[in-house]
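Chemist: Quick one: this structure, given as structure tokens, is what I'll be asking you about.
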Amino acid sequence: MKLILNLVYKSLLNRRMTALMIICSIAVSVALLLGVEKVRHGAKQSFSSTIAGTDLIVGARSGSVQLLLYSVFRIGNATNNVSWESYQDIASNSKVAWSIPFSLGDSHRGYRVLGTTDAYFQHYRYGKKRPLTFSQGVPFKQLHDVVLGAEVAKKLNYQLGDQVVIAHGVGSTSFSKHKDQPFTVSGILAATGTPVDRTLHVSLQAIEAIHVDWQSGAYIPGSGGTMPLEERDLQPHQITAFLLGLKSKIATFQLQRYISNYRAEPLQAVLPGVALQELWGMIGIAENALLLISGFVVLSGLFTMLTVLLTGLNERRRELAILRSVGCRPLQIVMLLVIETGLLTLLGIALGMLLLYSGLALGLPLLEQWYGLQLSLSLPELAELKLLLLVLVAGTLTGLIPGYRAYRYSLADGMTVRI
Amino acid sequence: MSSLIELQQLKFYWRPDTPVLDIDQLQIEAGEKLFLHGPSGCGKSTLLNLMAGIHQPVTGRIVVDGCDLSELSAAARDRFRADHIGLIFQQFNLLPYLSVQENVLLPCHFSALRREQACLHYGTAEAAASALLASLGLAALIDKPVTDLSIGQQQRVAAARALIGNPRIIIADEPTSSLDSDNRAGFIKLLIEECDQHGITLLFVSHDRALTKHFTRVVDLQQLNRAGGRG
Numbered sequence: 001m002k003l004i005l006n007l008v009y010k011s012l013l014n015r016r017m018t019a020l021m022i023i024c025s026i027a028v029s030v031a032l033l034l035g036v037e038k039v040r041h042g043a044k045q046s047f048s049s050t051i052a053g054t055d056l057i058v059g060a061r062s063g064s065v066q067l068l069l070y071s072v073f074r075i076g077n078a079t080n081n082v083s084w085e086s087y088q089d090i091a092s093n094s095k096v097a098w099s100i101p102f103s104l105g106d107s108h109r110g111y112r113v114l115g116t117t118d119a120y121f122q123h124y125r126y127g128k129k130r131p132l133t134f135s136q137g138v139p140f141k142q143l144h145d146v147v148l149g150a151e152v153a154k155k156l157n158y159q160l161g162d163q164v165v166i167a168h169g170v171g172s173t174s175f176s177k178h179k180d181q182p183f184t185v186s187g188i189l190a191a192t193g194t195p196v197d198r199t200l201h202v203s204l205q206a207i208e209a210i211h212v213d214w215q216s217g218a219y220i221p222g223s224g225g226t227m228p229l230e231e232r233d234l235q236p237h238q239i240t241a242f243l244l245g246l247k248s249k250i251a252t253f254q255l256q257r258y259i260s261n262y263r264a265e266p267l268q269a270v271l272p273g274v275a276l277q278e279l280w281g282m283i284g285i286a287e288n289a290l291l292l293i294s295g296f297v298v299l300s301g302l303f304t305m306l307t308v309l310l311t312g313l314n315e316r317r318r319e320l321a322i323l324r325s326v327g328c329r330p331l332q333i334v335m336l337l338v339i340e341t342g343l344l345t346l347l348g349i350a351l352g353m354l355l356l357y358s359g360l361a362l363g364l365p366l367l368e369q370w371y372g373l374q375l376s377l378s379l380p381e382l383a384e385l386k387l388l389l390l391v392l393v394a395g396t397l398t399g400l401i402p403g404y405r406a407y408r409y410s411l412a413d414g415m416t417v418r419i
Numbered sequence: 001m002s003s004l005i006e007l008q009q010l011k012f013y014w015r016p017d018t019p020v021l022d023i024d025q026l027q028i029e030a031g032e033k034l035f036l037h038g039p040s041g042c043g044k045s046t047l048l049n050l051m052a053g054i055h056q057p058v059t060g061r062i063v064v065d066g067c068d069l070s071e072l073s074a075a076a077r078d079r080f081r082a083d084h085i086g087l088i089f090q091q092f093n094l095l096p097y098l099s100v101q102e103n104v105l106l107p108c109h110f111s112a113l114r115r116e117q118a119c120l121h122y123g124t125a126e127a128a129a130s131a132l133l134a135s136l137g138l139a140a141l142i143d144k145p146v147t148d149l150s151i152g153q154q155q156r157v158a159a160a161r162a163l164i165g166n167p168r169i170i171i172a173d174e175p176t177s178s179l180d181s182d183n184r185a186g187f188i189k190l191l192i193e194e195c196d197q198h199g200i201t202l203l204f205v206s207h208d209r210a211l212t213k214h215f216t217r218v219v220d221l222q223q224l225n226r227a228g229g230r231g
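Those sequence lines, one after another, are chains A and B.
According to full-length UniProt numbering, the first sequence is numbered sequentially starting from 1.
According to full-length UniProt numbering, the second sequence is numbered sequentially starting from 1.
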């Protein structure tokens, strides 16, 4: 056995160029497989940590996924609103610790505008219960202050103090703009890797203010009267949704039932974790497709190895005949080739992991900064180790094919060495 | 009844309508230096493969050293070959990625018996290899890669490998055909000397009749083989 290992090692060293190419091809495919697995894991992680610390999301009655999509992911629109009175009533429930009202419906160059209150900056949590932090500036104070998400500021190149005009509706090329009331950037949030990055935040009163002269979705200057904004009561009449934090988690289901049965208007409350899981179940197909593709990349890496080894085998018939003449048994020759492919695969996996981890070590800060994707530079998880083991077994078993060919050769050639 | 190799009523073919070998009887005594010749295609390679236990005869018996090869399993024949038979080919006998010494030591790794016998005489298998290489005039090359050697030197290394651990028989299949005539005579002399010294029977196959003078007995396979030979 030691001899076989020694022979494999020296024979490979003798063919080091080919061996190196095989190892590289396996390394690249393994790095890709693991990378996809890591990104997949990271994406799921950051997806499920889009919102944290919130016990209930409340909105007009529709579907839980839809409510999650428009309130947290800022995708799609609400079918109906929640009246201010209902919000006040539920928010003042004795079980509620805090609440964040959301008023959606306007946009700025494709980015959603969210009307909310200071509670948003205090209580909103994402990831592992991380609070929102400001990279520059402060929360909105004046009526026409706006706080930008990290991506909005970066992509649109806004600085503190810049003027921003908000468009009515949510299209990226809306023609009806609230030009009469430009906003001033008062703060920019740090990147979170969540939809917060793609949101402009203003106060609820600001949302009311810019809609003063709007009647049934059309801008009619002067139709809202001539009273200056400062003197008006800008109390909103309705909001889109709101988040609730409870004093005790135990009360969650109780309050959820209470909201579902709310008499004044049809409302629904969803648990963010449950809705997120439901949503992930729907988009999980893409995730599996990604894994499938990288699986095929590994397969093609193994095929490369197989091709190279089979091509080289004919030139090694002499080597095999010599081994056989000194007493090497055909099964030992099969073993020789299986160990060889196993070793090549193992080295490929090792190099692949080295590639991936050094790549990650270099790229992680950039990934987090640009995409808010938080991958951990941790040791491979059990699932990844299982994948690697699968690759190793498949690679080693690949050796059976040239091994069988060699077995046939050594039986047929016998002592007659063919060149 | 003390023949080292005994062939009886031996028939071999791949397809029944084209017999390759048909030998009534051949006996080789222990210690003989047999020269087996015949034109290419007369069945030399097949006969060697049969005697080395690679192929099985279709009918008939091959008894080598009292052991009927046709009764052994494939694995047992492999072990038998490793223990008792040294082989030298026409050329390219050596594994290019091993050193001279490692090439010579190969049989000792596959056969415990060969290793034992090498150690019996020289203490260690490595010492046996050194001694053999020295007596073949290769002492200076022991740690060289085999790719640095001339063809004549390579053939002598192959001879050392066949000799190590004292097998009963050495089968040499045209080992001198790639050598020039000076080297050829020198190689055969050395090989026969070593075989004599260790009591090894030599079966030397060639189509070059000029070499017959070195041997104790000459057999013409074309006359022996009633099938006429196809392989």
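Where a beta carbon is used, it is the ideal one built from N, C-alpha and C, also for glycine.
The structure presented is a predicted model; accordingly, all values stated were derived computationally and were not measured.
1) Considering only residues of the same chain and omitting the five flanking positions on each side of asparagine 225/B, which have a CB-CB separation below 7 Å?
2) Which value, in whole angstroms, describes the spacing of the CA atoms of phenylalanine 92/B and glutamate 315/A?
3) For glutamine 136/A, which residues does DSSP report across the bridge?
4) At 7 Å on the CB atoms, spell out the chain B contacts of glutamate 319/A, in chain order.
5) Once DSSP output is grouped into helix, strand and coil, what is the label at residue 232/B?
6) Assess, as a yes-or-no matter, whether the segment 12-20 of chain B is touched by the segment 179-195 of chain B under the definition of 3 or more beta carbon pairs within less than 8 Å.
7) Considering only residues of the same chain and omitting the five flanking positions on each side of arginine 230/B, which have a CB-CB separation below 8 Å?
8) So the beta strand (DSSP E) glutamine 56/B belongs to, where does it begin and stop?
9) Hey, how far is the Cα of residue 452/A from the Cα of glycine 281/A?
10) Put phenylalanine 187/B into one of helix, strand or coil per three-state DSSP.
11) Tell me the DSSP secondary structure of isoleucine 23/B in three-state form.
12) With distance defined between alpha-carbon atoms, name the residue in His41/A, Leu337/A, Ser358/A nearest to arginine 405/A.
13) Give the interface partners of valine 334/A over in chain B, defined as CB-CB distance under 9 Å, in chain order.
14) For my contact list, leucine 95/B and glutamate 340/A are in at a C-beta cut-off of 8 Å; report their separation, rounded to the angstrom.
15) So, with DSSP's three-state summary, where would you put glutamine 142/A?
16) Ends of the beta strand (DSSP E) at threonine 201/B?
17) Nearest-angstrom Cα distance between methionine 1/B and cysteine 119/B?
18) Quick check on threonine 396/A: does DSSP put it in helix, strand or coil?
19) Can you find a CB in chain A that lies within less than 8 Å of the CB of isoleucine 23/B?
20) Looking only at its chain, what residues have a beta carbon closer than 6 Å to the beta carbon of isoleucine 419/A, apart from the 5 residues adjacent to it on each side?
21) For a contact defined as C-beta to C-beta under 7 Å, what are the partners of leucine 98/B on chain A?
22) Need the endpoints of the alpha helix (DSSP H) that leucine 3/A sits in, please.
23) What does glutamine 254/A pair with, by DSSP beta-bridge criteria?
24) For alanine 190/A, which residues in the same chain have their Cβ closer than 8 Å to its Cβ, ignoring the five residues on either side in sequence?
25) State yes or no: is the beta carbon of proline 107/B nearer than 8 Å to at least one beta carbon in chain A?
26) Is any beta-carbon of chain B found at less than 8 Å from that of leucine 344/A?
27) Should glutamate 71/B go down as buried or exposed, given a rule of 16 or more other Cβ atoms within 10 Å for buried?
28) Excluding five sequence neighbours on each side, which residues of the same chain lie with their C-beta closer than 6 Å to the C-beta of aspartate 143/B?
29) Using 8 Å as the limit for Cβ to Cβ distance, is arginine 230/B near chain A?
30) List the residues of chain A that aspartate 78/B touches, going by C-beta distances under 7 Å, in chain order.
31) Once you ignore the five residues that flank arginine 198/A on each side, which residues in its own chain have a CB closer than 8 Å to its CB?
32) Please decide whether leucine 299/A counts as near chain B, where near means a Cβ-Cβ distance under 8 Å.
33) For leucine 13/A, go through chain B and note every residue whose CB falls closer than 7 Å to its CB, in chain order.
34) Anything in chain B within Cβ reach of leucine 3/A, meaning under 7 Å, just list it in chain order.
35) Can you say whether valine 72/A is buried or exposed, counting buried as having 16 or more other CB atoms within 10 angstroms of its CB?
36) Kindly indicate the opening and closing residues of the alpha helix (DSSP H) around glycine 301/A.
Modeler: In this structure, then:
1) Leu21, Asp22, Ile23, Cys42, Gly43
2) 12 Å
3) Ile188/A
4) Leu95
5) The displayed coordinates of chain B run from 1 to 231. Any statement about residue 232/B would go beyond what the structure contains.
6) no
7) At arginine 230/B, the pLDDT of 46 sits below 50, so the modelled position is not reliable; the number obtained from the coordinates is stated separately. Closer than 8 Å at Cβ, skipping near neighbours: Thr18, Pro19, Val20, Gly41, Gly43.
8) Unbroken run through glutamine 56/B: none, as it is neither H nor E.
9) Residue 452/A is absent from the model: chain A starts at 1 and stops at 419.
10) helix
11) strand
12) Leu337/A
13) Going along chain B, no residue has its Cβ under 9 Å from valine 334/A, so there is no contact; the nearest lies around 13 Å.
14) Not really, about 14 Å apart at Cβ, beyond 8 Å.
15) coil
16) 201-206
17) Model confidence at methionine 1/B stands at a pLDDT of 48, short of 50, so the residue's coordinates are unreliable and nothing is read from them.
18) helix
19) no
20) Model confidence at isoleucine 419/A stands at a pLDDT of 44, short of 50, so the residue's coordinates are unreliable; what they give is reported in the following sentence. Excluding sequence neighbours, isoleucine 419/A sits near nothing in its chain.
21) Lys10
22) 2-14
23) According to DSSP, glutamine 254/A bridges with nothing at all.
24) Leu132, Thr133, Phe134, Ser135, Ala150
25) yes
26) no
27) exposed
28) Ser99
29) A caution first: arginine 230/B carries a pLDDT of 46, below 50, which makes its placement in the model too unreliable to give a value.
30) Gly327, Arg329
31) Arg74, Tyr111, Arg112, Gly149, Glu151, Val152
32) no
33) Tyr97
34) His109
35) buried
36) 272-315
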